[in-house]
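Here's the structure, in structure tokens; my notes come after.
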Amino acid sequence: MDKDNVYLKHILDAIRLISEFTKDMNKHDFRESEITIHATVRQFEIIGEAVKHISNKLREAHPEIPWRGATGTRDNLIHEYFNVDLDQVWETIEINLPDFKKKIEKLVK
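Counting from 221, one number per residue, gives the positions in the sequence shown under the numbering used here.
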């Protein structure tokens, strides 16, 4: 299995966990669950770190995937941990993650 495929699978695993952690929750429930917040944020960090390890060749071949957005989210969560916008995290879960997942699934071998 090539290196890129390993990291793509890490991304899909993290997305699966985020989905499991937030299943049957609404934004209010999410904001009130410290455990879910921390578990979810950690998975976003993993997604961003995995993206950083994906080859430039693959990233350049698929500009439709928001690679920079994933790494930017990771950087914000790591370096601005004291100022995490939970509304933005929830919006990412609800709006961006399903499409991101579909695009990554198409790349996995």
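Heads up, the beta-carbon is just placed ideally off N, CA and C, and yes, glycines get one too.
*asked:* Between which two residues does the alpha helix (DSSP H) holding Y227 run?
replied: K223 to T242
_Assuming contact is defined by CB atoms lying nearer than 8 Å, are V309 and T260 in contact in what I supplied?_
yes
*Sequence-distant residues of its chain with Cβ nearer than 8 Å to I238 (five each side left out)*: T260, Q263, F264, I313 and L317
*Is the beta carbon of W357 sitting closer than 8 Å to the one on R279?*
Here the chain covers residues 221 to 329 and nothing more, so residue 357 does not appear.
*Just tell me which of I315, L306 and E284 has its CA closest to the CA of I257.*
L306
*Pair within 8 Å by beta-carbon distance, H230 and I266*: yes
*Do L232 and K176 come within 8 Å of each other at the CB atom, strictly closer than that value?*
What is shown of the chain runs 221 to 329, which leaves residue 176 out entirely.
*Segments of 4+ residues assigned as alpha helix (DSSP H) that fall wholly inside the stretch 281–312*: 287–299 and 306–311
*F241 classed as buried or exposed, judged by whether at least 16 other C-beta atoms fall within 10 angstroms*: buried
*Is the Cβ-Cβ distance between A290 and V271 less than 8 Å?*
yes
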